[in-house]
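Undergrad:
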Amino acid sequence: MDIDKPLPYVGITPMQIITAMVVLVVGFIVAKIIVASFKKGLQKTKLPGLVIEFFARFLSALLYVAVILLAVKALGVSVGSVVLGLSAVIGLILGFGMQDTLTNLAAGVWLAALRPFDKGDFVTVAGQTGKVEAVGVMSTELLTPDNVLITIPNKLVWGSVITNYTKMPTRRVSIDVGVAYGTDLDKAIKVAMDIMKSHPKVLKDPEPAVVITGLGDSAINLQLRAWAKIEDYGTVKGDLTKAIYEAYMREGIEIPFPQMGVHIKEMPR
């Protein structure tokens, strides 16, 4: 078979098809190498990981488009006509929803520039909670504690309230506990303070505290407030919760639970 002879109906030679495939394969490999080198170079700067990831994904998208256009050109199709055709299609799509795509792109740029969170931060955004994996050109990826990957359009991220749990270096650990009415509150508070002050990962400054938050239906509500480094938050919260329960049981301080009394009245016969 003559590989330089055009195929019936399509007018493209086998050689052009082979060349286009080679361009695609080699082009995608080269694009990945360029993006990897680009990321490596940016990592030597002081740019945060989130911004580096955004720029890398943006460059990757541009390079892939360029490779596809080169492959089209290898098939003997005029790139100018392809670009013109794509422009017409994009113009048509813009009237039917492409605004969302552009909005997501713009939101991604703002997220990378203003950095309300960085890669690795634990956040709640658009009703979803997880660790930030990446901010792409169109969407943001969160990884939940149970290893579920959530992809959120950037416009929803930028347009919603963002709660960042790990942005600050320290965080207050708050533990609510109730003690029965009639309890010696000074003793209950001292026991709780001793527990917090003796924990090696509770910070001395700000100083821990115990406050009375209210008088409940069946208990006097106390709240233990201790400060810890952000990486120790989970450990401190778990340790103090366990320790306060065991200490109150040991000291005879009652932790009541809601109860309902039912009185049965005998009906007259």
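Position 89 of the sequence shown, counted from 1, bears residue number 88 in numbering that gives the first Met the number 0, the numbering being contiguous throughout. All C-beta atoms in this analysis are idealised placements derived from N, C-alpha and C, irrespective of residue type, glycine included.
(1) Determine, using beta-carbon pairs with one atom in the segment 182–192 and one in the segment 120–139, whether at least three such pairs fall under 8 angstroms.
(2) Assign R114 to one of three DSSP states: helix, strand, or coil.
(3) L330 and V176: beta carbons closer than 8 angstroms?
(4) Near S36, which residues of its chain fall below 8 angstroms by C-beta distance, leaving aside the five closest residues on each side in sequence?
(5) Helix, strand or coil: how does DSSP classify D193 here?
(6) Taking A19 as the reference, give the member of A70, V134, D238 with the closest Cα.
(7) Between the beta-carbon of W157 and the beta-carbon of A106, is there less than 8 angstroms?
(8) Does the separation of the CB atoms of A133 and E52 fall below 8 angstroms?
(9) According to the neighbour-count rule (16 or more other Cβ atoms, all chains shown, within 10 Å of its Cβ), is G168 buried or exposed?
(10) Just curious, the beta strand (DSSP E) that D175 is in, first and last residue?
(11) Kindly list the residues whose CB is nearer than 6 angstroms to the CB of F57, restricted to its own chain and excluding five residues on each side of it in sequence; keep chain order.
(12) Express the C-alpha separation of K38 and V21 in angstroms, rounding to a whole number.
(13) Sort I161, K43, I16, V64 by Cα distance to F27 and report the nearest one.
(14) Give every residue of the same chain whose Cβ lies closer than 8 angstroms to the Cβ of P60, excluding the five residues on either side of it in the sequence, and list them in chain order.
(15) So, with DSSP's three-state summary, where would you put N146?
(16) Among residues of its own chain, excluding the 5 on either side of I194, which ones have a beta-carbon nearer than 7 angstroms to its beta-carbon?
(17) Shorter than 7 angstroms, the distance from the beta carbon of M14 to the closest heavy atom of the ligand ADP, or not?
(18) My output table needs one value for S159: the three-state DSSP class, helix, strand or coil.
TA: Result, derived from the coordinates:
(1) no
(2) coil
(3) Because the chain here runs from 0 to 268, residue 330 falls outside it and cannot be looked at.
(4) none
(5) helix
(6) A70
(7) yes
(8) yes
(9) Checking the sequence shown, residue 168 turns out to be Pro, not Gly. Exposed.
(10) 169–178
(11) V136
(12) 26 angstroms
(13) V64
(14) Checking the displayed sequence, the identity of residue 60 turns out to be Ala instead of Pro. Closer than 8 angstroms at the Cβ level, and outside the excluded window around A60, lie V136.
(15) coil
(16) L239, A242, I243, A246
(17) Questions concerning the ligand ADP fall outside what the structure shown contains, since it holds no ligand whatsoever.
(18) coil
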